[in-house]
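Anchor point for the sequence shown: position 153 equals 146 in the working numbering, and the numbering is continuous, going up by one each time.
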Amino acid sequence: MSPIRRSVVALEAYAPGEQPPPGKFIKLNTNENPYPPSPRVAEALAAFDAGRLRLYPDPASAALRARVAEMHGVPREAVFAGNGSDEVLALCSRAFVERDGAIGYFEPSYSLYPVLADIREVARRPVALADDFTWRMPAGYACALFFLARPNAPTGILYPHATVRDFCRGFAGVVVIDEAYVDFASRDCMDLARELDNVLVARTVSKSYSLAGLRVGYAVGHPDLIAALDKLKDSYNIDALSQSAALAALSDHGHMRANAARIRATRGRLMEGLAALGCTVYPSEANFVWTRPARAPARDLFARLRERGILIRYFPGARTGDCLRITVGTDAEIDALLAALRQEEESGHE
Ligand SMILES: Cc1ncc(COP(=O)(O)O)c(C=O)c1O
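Right under this line is the structure:
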């Protein structure tokens, strides 16, 4: 008899993107920021007294939450701070879904969402997006908790604000609007977290603030929802170094905005370059581009780019298997990618 629970034996775990040793690849596979974080982060880390590590960190991450509250014009009780937004999402799956409830999400979307339903051993209730990956919601759709990535991943598509608002207003369960990539988009939905008591907006410092290595995310929403997450979190869910480094990053918006603007400009060049190669390019409002190659099967092209030292992301599956997701890197990295794609085209592989 296995000592492992049957559901854990059967669980298909979330597969994170490859993290090869630094320098081995042009790394365009996990939507990290190609630019370093604010210099204030290095200053905060250098000024950190290692003697403080003797003590447990602030369990409430109070300074960090206060900063987030100020940024978004909400009371402190409306903010939760988590160990990456992945922790925020996992806690939502534990807080808002009864044993006989269901977790909903679009297909395709962030592939962690169905795994969270499986871990909780509750039903998955996916909603298939339209053929072009735009919004499609069947009438009468219901579940306890809906994860709504906006911009969506891996497509980069930004659903219209009014559509999302209407959906949230008519939805009986909790909607988590996952805004991991929103700093690269034209409009956010933070107003819905302030206005509607069934909406949480989740954010992260991993992408636009260039701090994926830290593991800090947060949620904004009705204090009752936030209090539920607080009851379930690990006592000391964010370590002391991460709290002070994230606080430094969130205190330098100018740096984040300048990097996001550079990434948006490079995104435009990448989208044009792909279109010129005959690829189908979906309109991206994120720091990655979702594209269907002109001729070569996506899986083959992914493998050949890997051989050339360029790592992008391929998601097997009915809805995703003929496309590729390319993280927007520096201009030089994107030039190298486009050159490699042109060579593939010329060498007749495609
Ligand atoms: C849609 C989406 N949400 C959340 C996350 C996780 O972010 P974090 O690094 O804050 O856990 C990711 C990371 O890839 C993501 O794509």
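In this text, a Cβ means the ideal position worked out from N, Cα and C, and glycines have one as well.
Would you list, in sequence order, the uninterrupted alpha helix (DSSP H) runs of no fewer than 4 residues that lie entirely inside the region 131 to 179?
154 to 163
Should A146 be listed as close to ligand 1, given that the test is whether its C-beta is under 7 Å from any heavy atom?
yes
DSSP three-state call for I319: helix, strand or coil?
strand
Determine the closest residue to T197 out of D42, R143, D159, with distance taken between C-alpha atoms.
R143
Under DSSP, the beta strand (DSSP E) around I96 begins and ends at which residues?
95 to 100
DSSP beta-bridge partners for A74?
Y211
Delimiting residues of the beta strand (DSSP E) encompassing T197:
192 to 197
Going by beta carbon distance, what residues of the same chain come within less than 7 Å of A352, once the five residues before and after it are set aside?
A query on residue 352 cannot be resolved here, the shown segment of the chain reaching from -6 to 343 and no further.
Contact check, A186 vs G163, beta carbons under 8 Å
no
Roughly how many whole angstroms lie between the Cα atoms of R(-2) and A6?
14 Å
Heavy atom of ligand 1 less than 7 Å from the Cβ of A35, yes or no?
no
Heavy atoms of ligand 1 versus C-beta positions, residues under 5 Å
G77, S78, D79, Y103, A142, A146, D171, A173, T197, S199, G210
Rounded separation between G75 and N230 - CA only:
7 Å
Does the region 310 to 318 come within contact of the region 244 to 261, defined as at least 3 CB pairs closer than 8 Å?
no
Span separating the alpha-carbon of A233 from that of A241
13 Å
Who does L304 pair with in a DSSP beta bridge?
K20
To the nearest angstrom, report how far apart G94 and Y103 are at their CA atoms.
20 Å
On a CA-only basis, which of S235, R297, A88 is nearest G77? Give me that one, please.
S235
T273 - partner residues in DSSP beta bridges:
R285
Tell me where the alpha helix (DSSP H) around V108 begins and ends.
105 to 113
Who pairs with V120 in a beta bridge, going by DSSP?
F99
Span of the alpha helix (DSSP H) around E337
324 to 339
DSSP on E(-2), reduced to helix/strand/coil?
Here residue -2 turns out to be Arg, not Glu, going by the sequence shown. Correct three-state label for R(-2): coil.
Going by C-alpha distance, which of V167, P32, N26 is nearest E91?
V167
Three-way DSSP call (helix, strand, coil) for C182 in this model:
coil
Which residues bound the alpha helix (DSSP H) around L38?
32 to 40
Look at the alpha carbon of S86 and the alpha carbon of A116, and state the distance between them as a whole number of angstroms.
11 Å
Pull up the CB-CB distance for N26 and S277, whole angstroms please, since I reckon it's below 8 Å.
Wrong, their Cβ atoms sit about 15 Å apart, outside the cutoff.
When you compare only the Cα positions, how much space is there between N145 and E172?
9 Å
Between the Cα of P15 and those of R335, G302, L334, spot the shortest distance and give me the residue it belongs to.
G302
Look at the alpha carbon of I170 and the alpha carbon of E339, and state the distance between them as a whole number of angstroms.
43 Å
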